[in-house]
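Note that the protein sequences, when read in sequence, are chains W and R.
For the first sequence, the numbering used here begins at 0 and goes up steadily by one.
For the second sequence, the numbering used here begins at 89 and goes up steadily by one.
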Amino acid sequence: DQQVKQNSPSLSVQEGRISILNCDYTNSMFDYFLWYKKYPAEGPTFLISISSIKDKNEDGRFTVFLNKSAKHLSLHIVPSQPGDSAVYFCAANLRTDSWGKLQFGAGTQVVVTP
Amino acid sequence: ETGVTQTPRHLVMGMTNKKSLKCEQHLGHNAMYWYKQSAKKPLELMFVYSLEERVENNSVPSRFSPECPNSSHLFLHLHTLQPEDSALYLCASSQDLSYEQFFGPGTRLTVL
Numbered sequence: 000d001q002q003v004k005q006n007s008p009s010l011s012v013q014e015g016r017i018s019i020l021n022c023d024y025t026n027s028m029f030d031y032f033l034w035y036k037k038y039p040a041e042g043p044t045f046l047i048s049i050s051s052i053k054d055k056n057e058d059g060r061f062t063v064f065l066n067k068s069a070k071h072l073s074l075h076i077v078p079s080q081p082g083d084s085a086v087y088f089c090a091a092n093l094r095t096d097s098w099g100k101l102q103f104g105a106g107t108q109v110v111v112t113p
Numbered sequence: 089e090t091g092v093t094q095t096p097r098h099l100v101m102g103m104t105n106k107k108s109l110k111c112e113q114h115l116g117h118n119a120m121y122w123y124k125q126s127a128k129k130p131l132e133l134m135f136v137y138s139l140e141e142r143v144e145n146n147s148v149p150s151r152f153s154p155e156c157p158n159s160s161h162l163f164l165h166l167h168t169l170q171p172e173d174s175a176l177y178l179c180a181s182s183q184d185l186s187y188e189q190f191f192g193p194g195t196r197l198t199v200l
């Protein structure tokens, strides 16, 4: 059963505009959320994260918003740049026993056009 | 070498072959992971090692056999695989089973 869902497999956005990526989850026990970015032929790289005790975290052009009541988080990229074209994975941490286990979404392919 | 490296990057094997995937991390981490990524599906956690001890085996078929000889190296031994095992296999490492995991580039495996 998939507990982290990214319902948009792809997103096309014009350079300079805002990219909004969405992620929904079903398990209210998740305590930490992360976004990873993946270029072709490379492994995912960590982008930004947010703890469940916060509702917003900002790092440069990237902002993650968390709405716990809706079990929804989003990643905003503004302004979008051609180098942002990649697959973005949402991940949520479920703390079990003494360690956490990441659950990943299926990813959203972002294409930034000139 | 820096970060997490994986070899080979591409592998084609028959169902009767035996092969091994190798992962090496140069970050001084003490936890390592194997993930499987099939097309259009989320990353699936396969195995987790912490301080060279396996802490998680996510109901993975026995035709996949992990080995962690030390904290810097992780292997995935493959034998009698099925075509549905064709996927991208990703290795990752972290410090103390923390949330932030660092991934290698993956091995693209094709089983004929």
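Where a beta carbon is used, it is the ideal one built from N, C-alpha and C, also for glycine.
Distance, residue j Cα to residue i Cα
| i | j | result |
| --- | --- | --- |
| W/G106 | R/L109 | 25 Å |
| W/T44 | W/V111 | 19 Å |
| W/V3 | R/Y137 | 24 Å |
| R/K129 | W/P8 | 10 Å |
| W/Y87 | W/V12 | 14 Å |
| R/S182 | R/R142 | 14 Å |
Contact list for residue i against chain B, beta-carbon separation under 9 Å
| i | result |
| --- | --- |
| W/A85 | Protein chains in the displayed structure are W and R, and chain B is not among them. |
Supposed contact pair residue j and residue i - C-beta distance, whole angstroms, cut 8 Å
| i | j | result |
| --- | --- | --- |
| W/K37 | W/A90 | Wrong, their Cβ atoms sit about 12 Å apart, outside the cutoff. |
| R/S160 | R/Q113 | 6 Å |
| R/Y121 | R/Q170 | Rounded, the Cβ-Cβ distance is 22 Å, inconsistent with contact. |
| R/F163 | R/V92 | Actually they do not touch by this definition, with Cβ atoms about 14 Å apart. |
| R/R151 | R/L133 | Between R/L133 and R/R151 the Cβ distance is about 17 Å, and since that is not below 8 Å, they are no contact. |
| W/L74 | W/F61 | 7 Å |
Per-residue DSSP class, three states only, for residue i
| i | result |
| --- | --- |
| R/E172 | helix |
| W/D58 | strand |
| W/P43 | coil |
| R/P157 | strand |
Residue environment, residue i, which counts as buried when at least 16 other CB atoms sit within 10 Å
| i | result |
| --- | --- |
| W/G104 | buried |
| W/G42 | buried |
| W/S18 | buried |
| R/K106 | exposed |
Legend entry - Contained beta strand (DSSP E) runs [length at least 3] in the region 3-29 of chain W, N- to C-terminal order: 9-13 and 18-24
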